[in-house]
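Visitor: Below you will find the structure I want to go over with you.
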Amino acid sequence: MQLDVVVGFFLLGMVAQLLKAPIRMPKGLYQSLTLFLLIAIGLKGGVALNSHASGDLLIQAVAVIAFGLALPLIAFPILYKIGGLSRIDSASVAAHYGSVSVATFAVAVAVLEANQIDYEPYFPLFVALLEVPAIAVGLWLARDRNQTLDLKKTAHEIFLNQGVLLLVGGLLIGWWAGARADTILPFFGTLFHGVLALFLLEMGRIAASQLGVLRSCGSFIASFGVLMPLLGAALGALLAQLLELSSGGVILLATLGGSASYIAVPAAMAVALPKANQSLSITAALAISFPFNILVAIPLYSVLIGQGY
Amino acid sequence: MGNRTLAFEIAVSLCLMAMGWVLVQQGLPGYGLVVVAAILLGLSFATRQWIAQPAKVKVLSDHRGGH
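Listed in order, the protein sequences are those of chains A and B. According to the working numbering, the first sequence is numbered sequentially starting from 86. According to the working numbering, the second sequence is numbered sequentially starting from 97.
Here it is as structure tokens:
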């Protein structure tokens, strides 16, 4: 099992932070890299969607949405009954784990491309579809009759946050343009791995800086942050087999099932559930599940599925 | 952090260790899971130590204050 070269930059960022070395990426650059990755993934998926739209895809899309609805329902009882977290905190963390991480998806795509494993090129559609349902389930799980929900503001954060907007926007532009997008695809395609490496350098630094929070969150959240990706990935792989996806598709749906959002969902939860402990969700998703997924889980899924397990 | 969470944490660590061990036995890269299991187990006991420490200090100072 070999780690992908981009993952090396994640490790560099983590080590630098743990050694208190002064690597500081300008905030504007980090935001630019995020913008680039979201548009690149959406655009490539949209172009593929242009030539792959079919009835089967509709069935797959409905199944993926159902998957996104089910994941928080699995996470919630573990957090609430076993972890003893409050109802709001449990619902908030569960929503993070029902949604997906675009960065984890980007690493999985980089691993597949490096190992020349084929996958369904319209997969970014599933990433976009998995972003939202878990937030709705999370809000339903946290429902409190005494608390009024600002529906307009919450819907704005759910559907118009930067992640969803750019991903869906890129998808739509790619789908609409089709072959005409060839003029801009070299820019988003050739630079993808380099930009991802820079992005992961900063992510490594941020993830390591969150590790200290574990002291206040407790070790339960660390165990949950490892268990939930494995449960989600197992269900994702099972669903991908049922949908008869390619081996690359199985790895990608397993990765999506095991990933946790740390961009789109925190923004929505901050508005909809202001009483929820945000550091709990961010620590679990960013400091535990994200490193676990890219350092251990994705390479493992690639080997297991590559060998026909 | 009660007995239920401790049992959960130990169960997760043991499951990971068992899965990793089975994979390694089959010549597959399961050592990552074994390492993660060991870290989680260590973290489980270390965080309980950390949480217990301030309580000890408080008891000591209260005791001194009593005299």
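C-beta: ideal position from N, C-alpha, C; glycine also. Every value quoted in this text rests on a predicted model; they were computed, and no experiment measured them.
Could you name the residues of chain A that residue 110 of chain B contacts, counting a contact when the two beta carbons are closer than 7 Å?
Guide: Correct list: empty, because the minimum Cβ distance to chain A is about 11 Å.
Visitor: With H, G and I counted as helix, E and B as strand and the rest as coil, what does DSSP make of residue 128 of chain B?
Guide: Reduced to three states, the DSSP call for residue 128 of chain B is helix.
Visitor: Cβ closer than 8 Å: which chain A residues qualify as neighbours of residue 146 of chain B?
Guide: Here the neighbours are 300.
Visitor: Using a Cβ-Cβ distance under 8 Å, would residue 308 of chain A count as near chain B?
Guide: It does: the Cβ of residue 308 of chain A has a partner Cβ on chain B nearer than 8 Å.
Visitor: CA-CA distance, residue 108 of chain A and residue 288 of chain A?
Guide: Approximately 12 Å, taken between the alpha carbons.
Visitor: Are the beta-carbon atoms belonging to residue 366 of chain A and residue 149 of chain A less than 8 Å from one another?
Guide: Not in contact: residue 366 of chain A and residue 149 of chain A (Cβ atoms no closer than 8 Å).
Visitor: Considering only the beta carbon of each residue, do residue 98 of chain B and residue 310 of chain A sit closer than 8 Å?
Guide: Cβ distance not < 8 Å, so residue 98 of chain B and residue 310 of chain A don't count as in contact.
Visitor: Run through DSSP, which three-state label would residue 314 of chain A get?
Guide: Of the three classes helix, strand and coil, the one that applies to residue 314 of chain A here is helix, per DSSP.
Visitor: Please state the DSSP three-state secondary structure of residue 105 of chain A.
Guide: Three-state DSSP puts residue 105 of chain A in coil, outside helix and strand.
Visitor: With C-beta atoms as the reference, is residue 307 of chain A less than 8 Å away from residue 119 of chain B?
Guide: Going by C-beta atoms, residue 307 of chain A is not nearer than 8 Å to residue 119 of chain B.
Visitor: Using only alpha-carbon positions, find the residue among A:192, A:266, A:250 and A:340 that is nearest to residue 283 of chain A.
Guide: Minimum Cα distance to residue 283 of chain A is reached at A:192.
Visitor: Measure the C-alpha to C-alpha separation of residue 118 of chain A and residue 272 of chain A and round it to an integer number of angstroms.
Guide: Those two C-alpha atoms are separated by around 13 Å.
Visitor: Using a Cβ-Cβ cut-off of 8 Å, state whether residue 120 of chain B counts as contacting chain A.
Guide: No, no contact with chain A.
Visitor: Using a Cβ-Cβ cut-off of less than 7 Å, list which residues of the region 124–144 of chain B approach chain A; keep chain order.
Guide: Those would be 124, 125, 128, 129, 132, 136, 139, 140 and 143, in chain order.
Visitor: Within 10 Å of its beta-carbon, does residue 141 of chain B have 16 or more other beta-carbons around it, so buried, or fewer, so exposed?
Guide: When all chains shown are included, residue 141 of chain B counts as exposed.
Visitor: Using the C-alpha atoms, what's the distance from residue 163 of chain A back to residue 377 of chain A?
Guide: Each residue's alpha carbon lies about 19 Å from the other.
Visitor: List the residues of chain E whose Cβ lies closer than 9 Å to the Cβ of residue 384 of chain A, in chain order.
Guide: In summary, chain E is missing from the structure at hand, where the protein chains are A and B.
Visitor: In chain order, what residues of the same chain have a beta carbon less than 8 Å from the beta carbon of residue 351 of chain A, not counting five sequence neighbours either side?
Guide: Excluding sequence neighbours, residue 351 of chain A sits near 181, 363, 366 and 367.
Visitor: Should residue 237 of chain A go down as buried or exposed, given a rule of 16 or more other Cβ atoms within 10 Å for buried?
Guide: Result: exposed.
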